[in-house]
Amino acid sequence: MPVRSADPETDSVGRFNRLSASQANTWDDCPRLWYYQNKMRLKFPQTPPLFLGRAVEECVCRVLMESPGLVFPTAPLDVMSNGADNLLPLFNDELPKDFMDWCESRVDVHWPKIRDEMHEEWSNNARKAGNWHDYSMDVYRDMCVTALRMHMDEVKQCRDTITEIELSDWRNGIRNNIPAPDGRENSGPHPLAKTGGCTLVEAWEIARPWFVDPDA
């Protein structure tokens, strides 16, 4: 998650003595393993799940960047390549009737390419270990869907609990200092803004979590 920059005058840790999230998790799980990796600089085998986990993360992030209000379920995987500002909002009768069906369709568009790229990266890694084909690609594909199902729970909760002020600010184009990646650069009222109660498309946009843009 984005954080504020440390104040150099009061920062007693320093820029280069901080633990990353992955290092912190390693430390919590096994301090000895952390020591081997980060102090002794020992290198460990790179197994397929390490790469498949990254593939799941990228696939989920790419679907989250898209919007059911802008992207058809079967649109090509590079539909956002020129930014969301160049996409026209879908008409009401073009919106998905079931947002989870839309999510699954988008996963099925993105997953094969990402999976194959990660397979190639693993295959070319000098420290690769294990057998790629011992792991079910369908299981990892389903992990993407599960993550998006969790997001849909947040979207529905957002739709049902958002305040009028929060909704009005979003419709008028007020964005967070570090907004979630959505492919937009233009300012002003949001092109997917409606009137009345919060729609599911609007809630999707508002509830989008912050993540690292896969193309950054």
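Quick note: the sequence shown uses our numbering, first residue 85, plus one each step. For every residue, glycine included, the Cβ atom is placed at its ideal position computed from N, Cα and C.
From N101, P265 and E286, residue whose alpha carbon lies closest to that of P273: Each of N101, P265 and E286 was checked against the Cα of P273, and the nearest Cα belongs to E286.
Own chain partners of M184 with C-beta closer than 7 Å, once the 5 adjacent residues on each side are dropped: R233 and M236
Closest residue to N241 among T158, V163, I262 and I290 (Cα-Cα distance): Note that residue 241 is Gln in the sequence shown here, rather than Asn. Ranking the options by Cα distance to Q241, first place goes to I290.
Own chain residues within Cβ distance below 8 Å of W288, not counting five before or after: S151, P152, G153, F183 and V239
Backbone secondary structure at K123 - three-state DSSP: The answer is coil: DSSP assigns K123 none of H, G, I, E or B.
Presumed contact (8 Å Cβ cut-off) between E250 and I198, rounded CB distance: About 33 Å; that fails the 8 Å criterion.
8 Å Cβ cutoff met for W294 and I262: yes
Exposure label - L172; buried when at least 16 CB within 10 Å: exposed
Neighbourhood of V97 by C-beta, 6 Å cutoff - its chain only, sequence neighbours within 5 removed: none
Member of D222, M202 and C228 whose CA lies at the smallest distance from the CA of Q130: M202
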